[in-house]
Amino acid sequence: RARRRAMGANVSHCLASSKMDATLLSEIAAIEAKGTVLTLAAPGEMADKAVKHTPKLELASGKVTIAVAHGMEEAHWINYIWAKDEAGAVIGAVKLAHTDTPTVTIDVPEGTKSVTAYESCNLHGVWATVATPVA
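Heads up, the sequence shown is in our numbering, so the first residue is 933 and it goes up one at a time.
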């Protein structure tokens, strides 16, 4: 688990962006720069992979929990999960090892209007939810 980098004490809970690891943010920016973000509605040529790759987002009590229904194997795993606010700012992120569970809980900063969840699969690219309003 030494490869895992998160904002906070563990994978299950991350801190707001003001305390995020600059290296982790840089890694996410590099992943995003590679190309297309796939979604359940627009899976490109990977429609058969959409259900297992599209993150599930749940908002409750000032936190967002993001889970991905994807297996975690040494050769094929979810390597990052992150969330962005309505302005496109990363509000929390985690780097995962193949031995981790692809679920993370992130504090939603006060004043955030919507959250979009993202995940990166080492073989099948970046997938996202639609923007979800914060109640």
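All residues carry an ideal CB built from backbone N, CA and C; glycine is no exception.
Computed from a predicted structure; not experimentally measured.
Item                                                                                   : Value
Supposed contact pair Lys981 and Val1040 - C-beta distance, whole angstroms, cut 8 Å   : In fact, because the Cβ distance is near 28 Å, the residues do not count as touching under 8 Å.
Candidates Met952, Ala1021, Lys1027, Asn1054, of which the one nearest Lys1045 by Cα   : Ala1021
N- and C-terminal bounds of the beta strand (DSSP E) containing Ala1015                : 1010-1017
N-terminal and C-terminal residue of the beta strand (DSSP E) that Glu1005 is part of  : Counting along the chain, Glu1005 falls outside any beta strand (DSSP E), and DSSP gives it neither H nor E.
Residue from Glu1018, Gly1043, Ala1067, Ile1010 with nearest C-alpha to Pro1034        : Ile1010
Contact check, Lys984 vs Ala965, beta carbons under 8 Å                                : no
Boundaries of the alpha helix (DSSP H) in which Lys981 is found, first to last residue : Unbroken run through Lys981: none, as it is neither H nor E.
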